[in-house]
Structure formats: C-alpha cells, structure tokens
Amino acid sequence: MEQTLIVIKPDGVVRGLTGEIITRFEKAGLKMVAAKMLMVTKEHASKHYPADREELWTGIGNKTLDNYKALELDAIKLLGTDDPKKIGDIVRVWLLDYIASGPVYAAVFEGPHAVELIRKICGHTLPLLSAPGTIRGDYSFDSAYLANKGQRAIKNLIHASGTLEEAKYEIPLWFGPKEIQKYKRTDENIMA
Ligand code: ADP
Ligand code: MG
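Numbering (our numbering), first residue to last: 1 to 192.
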C-alpha cells in the first residue's frame, strides 16, 4: 500500500481540467485521502523543488538533452549550455515561477502501487512524448522546444511523485497528518 502526491499545476486548474484529471485516478481504483486548492508561495515551491537534489536537476537536464537530440535542437543556442546540471538549474527557476503562478489543486492518493500507477496515468514528462490516453498526452502538446524558446517551464498539467521516496518527502510538505483521511472504498473488497 502506497501514498503519493499529485499537484494539478496552474494550467490544469485554469483550463478547468481538475475534475477530469481526478476522475481518472478514482476510476483506476485509487483512493483520494487528502485534497485542497491553494496558492503556492515561492518558499513552499522551493522546498517542493529543492535546489540541493542534484540527481533531480541533472535528470531533468538529461531528459531535456535527449529530447533536443531527437528534435535536432541545439542546447547551447536555446539554453546557453549543454551541461545537464546547468540546464536543470535553469529549468528550476522557471518551475518555481510556474507552480506559483496561480492556484493549484493538491491531493494524496492511496492504493497498491499508487506511485507507479499515477505516473502511468499522467504519462511522460514531455507531452509531445506522452501516449494518448494519458493526462499529458490527451490534454497538452507542449514540448521542450516551445517551452525553452519562450524561456518557461513545460506546461504539462500535473506533478506526481516520481518514486516512493519522493512521495514520502513531498506528502508532509503539503498536508498535515490531520488532513489525511482514513476510509474504505467499496471496491476495495474486489481488488485488494
Ligand atoms: P515529472 O514532472 O514528469 O516528474 P521532472 O521531475 O523531470 O518531470 O521535471 C519536473 C518538471 O520540470 C516537469 O514536469 C516540467 O514541468 C518541467 N521541465 C522539465 N524539463 C523541462 C525543460 N527542458 N524546460 C522546461 N521545463 C521543463
Ligand atoms: Mg519529477
């Protein structure tokens, strides 16, 4: 049994997709145990995307470089560097602006394999590469090219914890223990 955090980013909220997104997790059998709408402060955003998580920023840089290679784009021309960590650091500044740019909807979902299941339903980070049927694949065509040309974060509608370890760090950042509910879904008798 796992718990995982999702945050519908400001583009998802202003496009009126909150219900559509939540219903997909509910239909998959995942149990929503916490939820709220809020404006994220820069301080909170900075904790959610911590500057010292080197592997996160290098990973984002590498994912970006792979996509640039596939699209035959020049990282030096678009971003001024082809160093993965430096690209990650540039993206972090845009991400802090993005997540704090309007109200977000945060929730915790619980279930067997919840972290992996939610990531699968969300789809690939880059909407251009995410499969149809996924949230990002169905509702966004944003790409590293469009985003980076505009010096902004990729508008991919949703954040979801990437690993169980990430979920365990993120959930207490967004919800106090009293905000997380315990109940049984009626369909738990069938699958659990
Ligand atoms: P995910 O959200 O799928 O876990 P990451 O943790 O790798 O993806 O990246 C965090 C967020 O950073 C992404 O959801 C996206 O909004 C943004 N992002 C990633 N790469 C880029 C990029 N090259 N340019 C702009 N924004 C990016
Ligand atoms: Mg991530």
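Backbone N, C-alpha and C define an ideal beta-carbon position, used for all residues, glycine too.
Since the model is a prediction, treat every value here as computed from it, not as a measurement.
What three-state label does DSSP hand residue i in the structure shown?
i      : result
Val108 : strand
Ile135 : helix
Met191 : helix
Lys85  : helix
Ile21  : helix
Leu5   : strand
Lys36  : strand
Ile121 : helix
Ile90  : helix
Lys182 : coil
Ala51  : coil
Glu26  : helix
Thr163 : coil
Gly61  : helix
Asp142 : coil
Ser46  : helix
Glu72  : coil
Pro103 : coil
Leu96  : helix
Ala153 : coil
What is the rounded straight-line gap between the Cα of residue i and the Cα of residue j?
i      : j      : result
Ala147 : Leu78  : 10 angstroms
Ala144 : Pro112 : 32 angstroms
Thr81  : Ala45  : 25 angstroms
Thr58  : Glu179 : 33 angstroms
Arg24  : Val108 : 14 angstroms
Glu106 : Tyr98  : What sits at residue 106 in the sequence shown is Ala, not Glu. Approximately 15 angstroms between the Cα atoms of the pair.
Glu72  : Leu65  : 10 angstroms
Arg92  : Lys149 : 16 angstroms
Ala75  : Pro177 : 43 angstroms
Trp94  : Ile60  : 13 angstroms
Pro172 : Glu43  : 15 angstroms
Is residue i close to chain C? Criterion is C-beta to C-beta, closer than 8 angstroms.
i     : result
Asp82 : No chain C appears in the structure shown, which is made up of a single protein chain.
In terms of DSSP beta bridges, what is residue i paired with?
i      : result
Ile158 : Ile8
Lys31  : Glu110
Answer yes or no: do residue i and residue j have a C-beta to C-beta separation smaller than 8 angstroms?
i      : j      : result
Asn156 : Pro132 : no
Leu5   : Ala153 : no
Lys63  : Thr125 : yes
Lys48  : Glu170 : Position check: residue 48 holds His in this sequence, whereas Lys was assumed. In contact: His48 and Glu170 (Cβ atoms closer than 8 angstroms).
Glu110 : Leu30  : yes
Ile203 : Ile190 : Nothing in the structure corresponds to residue 203, since the chain is present only between 1 and 192.
Val13  : Pro84  : no
Glu2   : Ala114 : yes
Ile121 : Ala35  : no
- Message: Quick check on the contact list: which residues have their beta carbon closer than 6 angstroms to a heavy atom of the ligand ADP?
- Response: Residues with their Cβ less than 6 angstroms from any non-hydrogen atom of the ligand ADP, running along the chain, are Gly59, Ile60, Lys63, Thr64, Val91, Trp94, Leu95, Thr125, Ala144, Ala147, Asn148, Ala153, Ile154, Asn156, His159 and Gly162.
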